[in-house]
Every structure is written in C-alpha cells, then in structure tokens.
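S.K.: The following block contains the structure, expressed as structure tokens.
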Amino acid sequence: MYISDKFDSGNIRVVELNDPQNIQLEIKHDNQSEFFQWFHFRFEGPLEQQYRFSLLNAGQSAYAKGWQGYQVVASYDREEWFRIDTDFDGEQLHFSLLLEQPSVYFAYFAPYSYERHQDLLHTMQQDYQVNLTTLGQTLDGRDMSLLSVGDVENAKHKVWVIARQHPGETMAEWFVEGLLGNLLDQDNPLAMKLLEDTVFYVVPNMNPDGSVRGHLRTNAVGANLNREWQNPTLERSPEVFLVREKMLELGGDLFLDIHGDEDLPYNFVAGCEGIPSYDERHKLLEDTFKEAFMAISPDFQDTHGYAKDEPGQANLTIAAAWLGEQFKTLSYTIEMPFKDNADMPDEAFGWSPERAMQLGCDVLFPIKQTLAKL
Ligand SMILES: [Zn+2]
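Start counting at 1 in the sequence shown, then tack on 99, and there's your number in this note's numbering.
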C-alpha cells in the first residue's frame with residue numbers, strides 16, 4: 100500500500116499504513132494556522148480489496164460539525180468525483196472503498212487545480228469582450244489575476260465577483276467557471292443583454308497560494324483573507340490588498356463573494372443587515388436578489404442560513420460587510436455546501452462541480468434583476 104499528497108492541493112499525513120482495514124491518517128494544519136479540514140491524497144493498493152481509512156484528527160478540525168452527514172469524494176480518473184461510505188464517530192472520520200483500479204484519489208470536495216485555474220483565465224481571455232490583468236503577486240509569488248468582461252469604458256454598472264478567499268472551498272471556483280461560461284455564451288440573450296450596459300470584474304481565485312498548498316482557510320502565512328478587508332497589508336494579505344485597491348479605483352454597484360460551508364447542506368446568502376449604513380434601499384436590493392435567485396434555481400433557498408447580524412454588529416473585516424459599507428450597495432456572500440443540497444439530494448455525487456457551475460450560470464438572472472433596481 101502507498102499514499103501520496105505530493106501534488107497540487109495535496110494534504111494528508113500517514114500515521115499508520117499496515118492494515119488495509121485500519122489505515123490511520125491525519126489532516127495537516129494550514130501553514131502558521133490552527134485551521135485544518137481540507138484533505139486530498141492518492142492511494143495505491145492491491146485490487147478488489149476493501150480498504151478502511153480513518154482521519155484521526157477530524158474531531159479537532161475547524162468545523163467538526165461539518166463531518167456529520169458528510170461523505171468523502173473519490174475519483175479514479177480525477178474528473179468524476181463520486182461519494183463513498185463515510186461515518187463520523189464524533190472524533191474520527193471513517194470511510195471505506197472496494198478498490199477497482201490500482202490508484203484512487205480522495206478529497207474533501209472535487210478539487211479545482213491551479214492548472215485548471217490558468218486554463219480558465221486563458222480560455223476566457225480569447226473572447227473579444229474579456230481582458231486579463233495581473234494585479235500583482237502573492238507571498239509565494241503567484242499571480243493575482245483579474246478578468247474583466249464587457250465594455251470597461253462605457254458600462255453603466257460594475258459587478259464584482261470574487262471566489263475562494265478560503266482555498267479549500269473549491270466549489271466557489273467551479274461556480275465562477277459556470278458563471279463566466281454563461282456570461283460569454285453568445286447564444287444566451289440574457290447574458291448579451293446584461294453585457295450591453297454592465298461590466299463584470301471577476302477574481303476566480305483570491306487565494307492561489309492556499310489552494311496549491313492544500314489549505315482549508317488561509318494564505319501562505321496563515322492569514323484568513325476574509326478577515327483582512329479593513330486593513331490588508333502587502334506583508335500579510337497582498338491578495339486582499341491588491342483586489343481592494345482595484346475596487347476602490349474602479350468602484351462597483353454589486354458585489355458577490357463566493358464560498359462553501361462545511362456544515363449546512365444548502366445554498367444560501369449572507370447579507371449586510373449588520374453594517375452601519377444598512378437601510379430600506381439595501382434591504383430592497385437584497386430581497387430582489389434572493390427572490391430572483393429562488394425563481395430561477397431550485398438549488399437556491401432562503402430558509403436555512405446563518406443567523407442574521409444585529410443592526411450595527413457586522414464584522415467589517417469580512418469582505419461582504421466591508422464592501423457593502425464602503426460602496427453602499429448590495430454585497431452578498433454566497434455559500435454552497437460541501438455535503439449536498441438536502442432539498443434536492445444526489446446520492447451518487449452530492450453537491451458537485453456540475454451543480455456548482457449550474458448555480459453560477461443561474462446567478463446572472465438575480466444580478467440582472469437587482470441592477471434594474473439601482
Ligand atoms: Zn468561506
């Protein structure tokens with residue numbers, strides 16, 4: 100038997116690898132951080148045997164509740180990620196598989212690789228409506244890349260979409276891939292109409308270092324980027340610093356920050372009700388967005404979500420809150436599940452890249468309806 104995590108977004112530590120029925124593993128912490136939950140590794144062993152794996156430290160991970168009702172994803176071809184039998188006993192996460200090919204990958208959610216990220220940027224840049232800009236570099240020296248879609252000079256509205264501040268939330272970049280594909284579909288009248296007067300600024304990956312390092316939640320030096328929006332620095336959080344500077348330079352009328360949630364098996368939004376400037380107008384924009392999103396996608400709902408902030412109690416270090424306050428406009432965090440959508444479960448795949456991409460396609464409609472209210 101053999102286990103490796105020496106690849107893009109790999110994360111596992113082998114504790115014991117002798118008994119196929121009791122393979123003991125641990126998830127590594129994010130660098131200079133207490134957070135951990137993302138795992139991703141490759142396993143090799145004799146065929147047609149049943150193997151049982153245990154993540155010994157699952158119970159101490161960032162969101163231990165997230166393991167309840169969760170199923171690990173596995174893949175033989177690194178394209179189709181199927182769910183396997185998984186059980187959390189309160190301390191350890193156990194999962195088992197009958198091996199049908201010599202080598203198999205396991206992960207917390209279908210990975211979105213740094214290579215695919217580059218492919219996405221360079222496929223998109225070929226469209227005449229798209230511009231690819233490098234804003235600067237991360238602490239590991241990777242590029243912070245921004246795509247603009249639409250008429251930068253003359254657009255009436257500016258929409259910002261950022262994703263994967265938390266690098267283990269790979270569904271966020273799958274969502275963005277779906278959104279961009281739909282926006283540039285020249286047979287889609289809704290997208291064509293939107294681009295008549297709106298420009299989209301999209302950062303598909305806010306945290307490329309954390310992504311490649313196999314982190315759950317932080318960048319190369321352990322900064323949780325979604326707590327850096329009030330005072331980002333080039334030393335600790337250049338990713339936020341660079342994007343935030345560009346936002347301040349260009350302005351924006353609608354902001355979406357795309358995430359995944361470890362615990363809740365639903366798609367939902369977290370809004371700005373706790374920011375100092377929240378008012379009736381802001382509420383109208385939020386309600387318009389949610390109603391339109393529910394109208395177009397049965398995968399989106401507004402029953403289950405986070406507790407709403409009390410007035411004035413928002414944490415302004417969080418992107419959505421800081422942006423909502425700074426630009427006095429709609430600013431939502433969109434959350435997707437690691438588990439599944441409990442309203443429309445999929446036994447074989449759970450919440451998947453395909454469903455995340457579809458939700459990204461569908462978000463154009465609530466964007467359009469909300470812009471009409473500005
Ligand atoms: Zn997140």
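Built from N, CA and C at the ideal position, the CB exists for glycine as well.
1. Taking DSSP as the reference, what is the three-state secondary structure of Glu143?
2. Mind reading off the beta-carbon distance from Pro337 to Thr237? Whole number of angstroms is fine, and I expect it under 8 Å.
3. Can you tell me the Cβ-Cβ gap for Phe142 and Phe205, rounded? I've got them flagged as a contact below 8 Å.
4. Mind checking who Trp259 pairs with in its DSSP beta bridge?
5. Out of Gly359, Ala271 and Glu179, which one is the CA nearest neighbour of Gly404?
6. Shorter than 8 Å from the beta carbon of Ile466 to some beta carbon of chain D?
7. Measuring CA to CA, which of Thr332, Pro288 and Pro210 is closest to Asp104?
8. Please say whether Ser132 and Gly321 have beta carbons closer to each other than 8 Å?
9. With a threshold of 7 Å (Cβ to nearest heavy atom), would Gly240 be considered close to ligand 1?
10. Does DSSP classify Ala369 as helix, strand or coil?
11. Going by Cα to Cα distance, which pick from Ser212, Gln167, Glu424 and Pro410 is closest to Leu347?
12. From Asp129 to Pro288, what does the alpha carbon distance come to, in whole angstroms?
13. For Met517, which beta-bridge partners are listed by DSSP?
14. Is any heavy atom of ligand 1 found at a distance shorter than 7 Å from the C-beta of Gly404?
15. Nearest to Phe354 by CA position, among Ala254, Asn330, Ser212 and Glu385, is which residue?
16. How many angstroms separate the CA atom of Pro307 from the CA atom of Met243?
17. Rounded to the nearest angstrom, what separates Lys438 and Tyr213 at their Cα positions?
18. Report the residue from Ile261, Glu178 and Leu324 whose alpha carbon sits nearest the alpha carbon of Val275.
19. Output the boundary residues of the alpha helix (DSSP H) element that contains Met443.
20. Which residue from Asn414, Gln468, Phe340 and Leu458 puts its Cα closest to that of Leu383?
21. Are there any heavy atoms of ligand 1 lying less than 7 Å away from the beta-carbon of Gly359, as far as the coordinates show?
M.R.: Per the coordinate set shown:
1. Correct three-state label for Glu143: strand.
2. Contact flag correct, Cβ pair sits at about 6 Å.
3. Indeed, because the Cβ distance is near 7 Å, the residues count as touching under 8 Å.
4. The secondary-structure analysis by DSSP pairs Trp259 across a beta bridge with Tyr300 and Phe354.
5. Ranking Gly359, Ala271 and Glu179 by Cα distance to Gly404 puts Gly359 first.
6. The structure shown contains no chain D; it is built from a single protein chain.
7. Nearest Cα to Asp104 within the set Thr332, Pro288 and Pro210: Pro210.
8. The answer is yes: Cβ separation under 8 Å.
9. False, no ligand heavy atom lies under 7 Å from that Cβ.
10. It is a strand residue.
11. Across the set Ser212, Gln167, Glu424 and Pro410, the C-alpha of Glu424 shows the shortest separation from the C-alpha of Leu347.
12. Spanning the two alpha carbons is a distance of roughly 43 Å.
13. With the chain covering 100 to 473 only, the question about residue 517 has no answer from this structure.
14. Not so, every heavy atom of ligand 1 lies at least 7 Å from the Cβ.
15. It is Glu385 whose Cα lies nearest to the Cα of Phe354.
16. If you draw a straight line from the Cα of Pro307 to the Cα of Met243, it is about 8 Å long.
17. Their backbone Cα atoms lie some 23 Å apart in a straight line.
18. It is Ile261.
19. Taken as a continuous stretch (DSSP letters only), Met443 belongs to no alpha helix (DSSP H), as it is neither H nor E.
20. Per the Cα distances, Gln468.
21. Of the heavy atoms belonging to ligand 1, at least one sits nearer than 7 Å to the Cβ of Gly359.
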